[in-house]
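What follows is a single structure, written as structure tokens, with notes after it.
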Amino acid sequence: MVREGFNLLPLDGEEVEAGEREVEEIRGSFEPMSQKRDMGHPEARDLRGLSWSSIDNDTSRDLDQVEWAERTQAGIRVLVGIADVAAAVGKDTVLDRAAALQTQTVYTAVHNFPMLPNELSTDLTSLNEGQDRRAIVCEFTVTGDGGLVGTALYEAWVRNGAQLAYSTVGPWLEGKARGDGRTDPKILNDAAIQAQLRLQDEAAQLLHRQRVAQGALEFNRVEADPVVIDGKVQSIKAVMRNRASDLIADLMIASNETMARMLRESGRSSIRRVVRSPERWSRIVALVAAKGTALPESPDARALNKFLVAQQASDPVHYPDLSLAIIKLMGPGEYVLAAGGSEEQPGHFGLAALDYTHSTAPNRRFADLVTQRIVKALLRGEGAPYSDEELAGIAAHCNERDAAARKVERAMQKRVAAVALGHLIGHQFTGVITGAKDKGTYIRIFDPPVEGKIVRGFEGLDVGDTATVTLSEADPVHAFIDFTRP
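Just add 715 to the spot in the sequence shown (first one is 1) and you have my numbering.
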């Protein structure tokens, strides 16, 4: 009998029951560290005594990373512990096949569809507070100029000492919420956690400044978050990144770069996450020219970021919408094969990074789980777990499912937004054009920050243009939010 709530979306029948049995076998093998000599490998380190902490969304239960830092003579030594999902989910098992088909956890405004069963992703393979967990540790030291030295990868046991949230850590780091009754007591009552957060934040800012100096692009997008009261959507509020989300983003980028670089230097094939040079660079040039700045004719991340930084300082109110327009023109990221030993390694235009992969969310993304298996084989001196042909196929499938997931997420976001906007038919809004193709012209209005289709009066509009529109329809059943222009 299949248990209610057991998640293996791409499979059914006997395979789902087989997946349930695999989960029970995994549960039986996950004894606490105190009952095991090692985690299946004698080189695993016991790092449970460090003051690890995690930072994620308020409602997150699938915790993939924990962080710890210390100041040394060389700089700030950072350890990022990544949940060792590969220790639980074997290649070509039922659970693995299900994850390979779905490729990622799909998050919608009303329900999440996990890549792995919740019994794993929110419990046995989640770095939950107060629990002994297996991890792959990515170590690096951040120098005073934001460089990375002393990089290393190894297996370890960790214990998350404090599960924290962006919503409370961010204001605390920014000095906006100290002793106001809303700050997490885990922060206020623990000097060790306070010191850790300050040190990690310092390291992250050093990394960020160095990446920007090398040409990485700085974006500051506004996200839409539904306000739900008694199970009903009441409105949509704007949520912006804060210091805590930037901290995690910068440490994860450094970890992903470290993983990719070590795999390249070892001659191991892997999957990279890349953003190629923008195909619509000419449109970006025109958009920036309208603001009084000239960009080179060929894609130049450093010149573009110089403009973005100046624009954020001079017009912070409209900067998030300008960022969104440029993000849309750059196009989505994609997974590609990086063949071992190849001199041509694909880079990430937006991050100004030659070496970049996805490796820090193996509970949520299949590509990360694949990368973790490749890394573990390298650490143990074992042969490659995947052929180049397999990796190329996985990358292509992940790209396909990534596009499908974005479509589902957009549709669900529109349904929620349509409910919230239902009483505003006939009202006027101003926004930025985010899409202009044969299939339609789309606009993201500024307040509330939601996207819809311009069904009349869209002629002559292109991505990055601003326009004033009238809300003509908000249909949550069909996920329609339609606007018109005179």
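We put the beta carbon where it would ideally sit given N, CA and C, even for glycine.
Mind checking whether residue i and residue j have CB atoms under 9 angstroms apart?
| i | j | result |
| --- | --- | --- |
| Val-821 | Ala-1120 | yes |
| Met-1127 | Pro-1035 | no |
| Arg-1079 | Gln-819 | yes |
| Lys-901 | Pro-1100 | no |
| Ala-850 | Ile-908 | no |
| Gln-831 | Ala-813 | Before going further, note that residue 831 is Leu rather than Gln in the sequence given. In contact: Leu-831 and Ala-813 (Cβ atoms closer than 9 angstroms). |
| Pro-886 | Asn-772 | no |
| Asp-1197 | Ile-1169 | yes |
| Gly-876 | Ser-768 | yes |
| Asp-961 | Leu-921 | no |
| Ile-1160 | Gly-1146 | yes |
| Ile-770 | Thr-856 | no |
| Leu-868 | Val-852 | yes |
Classify residue i as buried or exposed, calling it buried when 16 or more other Cβ atoms lie within 10 Å of its own Cβ.
| i | result |
| --- | --- |
| Lys-1152 | exposed |
| His-1138 | exposed |
| Glu-735 | buried |
| Gln-878 | buried |
| Ile-1140 | exposed |
| Arg-752 | Low local confidence applies: a pLDDT of 48 at Arg-752 is under 50, so the model's placement there is unreliable, with the coordinate-based value given in what follows. Exposed. |
| Arg-786 | exposed |
| Thr-1156 | buried |
| Thr-1183 | exposed |
| Asp-1162 | exposed |
| Ser-1057 | exposed |
| Gln-788 | exposed |
| Ala-1135 | buried |
| His-1073 | buried |
| Pro-1011 | exposed |
| Val-717 | With a pLDDT of 39 at Val-717, under the threshold of 50, the modelled position of that residue is not reliable, and the figure given next carries that caveat. Under this definition Val-717 is an exposed residue. |
| Gly-764 | exposed |
| Pro-829 | buried |
| Gly-1096 | exposed |
My output table needs one value for residue i: the three-state DSSP class, helix, strand or coil.
| i | result |
| --- | --- |
| Met-974 | helix |
| Arg-763 | coil |
| Glu-740 | helix |
| Ser-847 | Note that residue 847 is Asp in the sequence shown here, rather than Ser. Strand. |
| Asp-1015 | coil |
| Gly-894 | Residue confidence for Gly-894 is low, a pLDDT of 48 falling below 50, so the modelled location carries little weight; the figure read from the coordinates is stated next. Residue state, collapsed to three classes: coil. |
| Tyr-1050 | strand |
| Leu-794 | strand |
| Met-1202 | With the chain running from 716 to 1201 in the structure shown, residue 1202 is simply not present. |
| Leu-839 | helix |
| Gln-929 | coil |
| Arg-874 | strand |
| Tyr-1034 | helix |
| Lys-1152 | strand |
| Glu-1174 | coil |
| Arg-995 | coil |
| Gly-885 | helix |
| Asn-827 | strand |
| Asp-807 | coil |
| Arg-776 | coil |
| Ser-768 | strand |
| Ile-1196 | strand |
| Leu-863 | strand |
| Gly-1108 | helix |
| Thr-1086 | helix |
| Phe-1161 | coil |
| Ala-1189 | strand |
| Lys-1006 | coil |
| Phe-1081 | helix |
| Leu-868 | strand |
| Ile-1041 | helix |
Check the C-beta distance from residue i over to residue j and give it rounded, since I have them as a contact under 8 angstroms.
| i | j | result |
| --- | --- | --- |
| Ser-981 | Leu-1052 | In fact, because the Cβ distance is near 16 angstroms, the residues do not count as touching under 8 angstroms. |
| Gly-1179 | Leu-1002 | 4 angstroms |
| Val-1165 | Ile-951 | 6 angstroms |
| Arg-988 | Gly-1046 | No, Arg-988 and Gly-1046 are not in contact; Cβ-Cβ is about 13 angstroms, not under 8 angstroms. |
| Val-873 | Arg-848 | 6 angstroms |
| Ile-986 | Ala-1076 | Actually they are not in contact, since the Cβ atoms of Ile-986 and Ala-1076 sit about 14 angstroms apart, beyond 8 angstroms. |
| Glu-854 | Leu-1094 | With 8 angstroms as the limit, Glu-854 and Leu-1094 do not qualify as a contact, their Cβ atoms being about 13 angstroms apart. |
May I ask you to check if the CB of residue i is nearer than 8 angstroms to at least one heavy atom of the ligand ATP?
| i | result |
| --- | --- |
| Ser-769 | Among the components of this structure there are no ligands whatsoever, and the ligand ATP is therefore not found. |
Flag this pair as touching only if the stretch 1036-1043 and the stretch 975-984 have three or more C-beta atom pairs under 8 angstroms; answer yes or no.
-> no
Cβ pair count under 8 angstroms reaching 3, the stretch 1017-1026 against the stretch 1074-1083 | no
Would you say the stretch 915-931 touches the stretch 1003-1010, given that touching needs at least three Cβ pairs under 8 angstroms?
-> By the Cβ test, the stretch 915-931 is not in contact with the stretch 1003-1010, since fewer than three Cβ pairs between them sit closer than 8 angstroms.
Count the CB pairs spanning the stretch 992-1002 and the stretch 965-974 that are closer than 8 angstroms, and state whether there are at least three.
-> no
Does the pairing of the stretch 800-820 with the stretch 910-919 give three or more beta-carbon distances under 8 angstroms?
-> no
Would the stretch 828-840 and the stretch 771-778 be scored as touching if the rule is three or more Cβ pairs under 8 angstroms?
-> yes
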